[in-house]
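Numbering (our numbering), first residue to last: 7 to 356.
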């Protein structure tokens, strides 16, 4: 079965999915729908059939998969229209604006017997897979807390991402990815509490900075920090275990460090030298008690998501991002907005 796709919203992510599909080879993109005439002209230059009317686009019998790549506020509306037209749908993240909208889309997918999934491509980021491998391996002991950061310097949210009506802001833009990574890292464990603080530092209308903390039922404290205005570098990941620590500097995963203690080092037996720092409690370990380890490794396939998507449309596999995954992601987003509005920790069991 040939998987033949159309794209709704031929902007940056529309081009992304066209390029990935062309390179991966299992999905043939033939059409695009947009309300912007310049983007339709661009689609024609890319060899696609260009539609300025949604009903005509959806009436194309060759299209059996639609990539929804629009601003966030119309994800639900467009996904439901595509599903009701008998098309399988891959929607850009966040899948919807809230959990209530998501349930409407899932109901349409189930009613029509079609695939509905979301683009959570950062499950294949090399830095994330490196951290996940260390967590799973126990190399630095039982994990107590993890810090996940994404910071930029320009202090702006671009285009519609600065518009609250369109679903702008960093919680929707980056938070949904980082939440999904944590839920995958600790799959099988429940989130027991959520605390978030959303801020508008240089972009008044939406959150251009936020902090989020999730506590899992295994005791892990998972923290997310995202900001568009940070002029000094902090590590992308910092992982605390009860025997060691891991630091990954950036998305490349090429620099950082990992170390753990040898044996059961406790108290002042490991203190050496006269300069103990601010106190004996914070003094360094003797070198013979510290084991510096090689950076973790991981393998990733940049085309695996699209390969699986095509296989799901053909009925050969289940989509990697399930309805249950989408529900959990959006439930955490809902709670983050609630927590920030109330300035309180929200107890839950998700």
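Backbone N, C-alpha and C fix where the C-beta goes; we use that ideal spot for every residue, glycine too.
Annotation: residue 109 is outside any beta strand (DSSP E); the continuous alpha helix (DSSP H) that includes it extends over 105–118. In the three-state reduction of the DSSP assignment, residue 216 falls in the strand class, which pools E and B. Boundaries cannot be given for residue 7, as no alpha helix (DSSP H) includes it and DSSP labels it neither H nor E.
Going by beta carbons, residue 16 and residue 38 fall inside the 7 Å limit. Between residue 297 and residue 266, the C-beta spacing is below 7 Å.
Three or more Cβ pairs closer than 8 Å define a contact, and the stretch 146–166 meets that threshold against the stretch 231–245. Positions of the beta strand (DSSP E) runs, each at least 3 residues long and wholly inside the stretch 168–255, are given as 197–205, 215–222, 227–233, 243–247 and 250–254 in order along the chain. Looking at the DSSP output, residue 311 bridges to nothing.
At the C-beta level, residue 9 and residue 316 come within 7 Å of one another. In this structure, the alpha-carbon of residue 129 lies about 22 Å from that of residue 223. Looking from the CA of residue 126, the closest CA among 139, 184, 114 and 28 belongs to 184.
In this structure, the CA atom of residue 295 is about 9 Å from the CA atom of residue 270. The stretch 75–85 makes contact with the stretch 168–179, as at least three CB pairs between them are under 8 Å. Assigned with DSSP and collapsed to three states, residue 154 falls in strand. The DSSP-derived three-state label of residue 93 is coil. Considering only 180, 30 and 203, the residue with the shortest C-alpha distance to residue 154 is 180. Between the alpha carbons of residue 320 and residue 349 lies a gap of roughly 46 Å.
With fewer than 16 other beta carbons inside 10 angstroms of its own, residue 240 counts as exposed.
In this structure, DSSP gives residue 102 a state outside helix and strand, which the three-state scheme calls coil. Here residue 122 really is in contact with residue 89; their C-beta atoms are around 6 Å apart, less than 8 Å.
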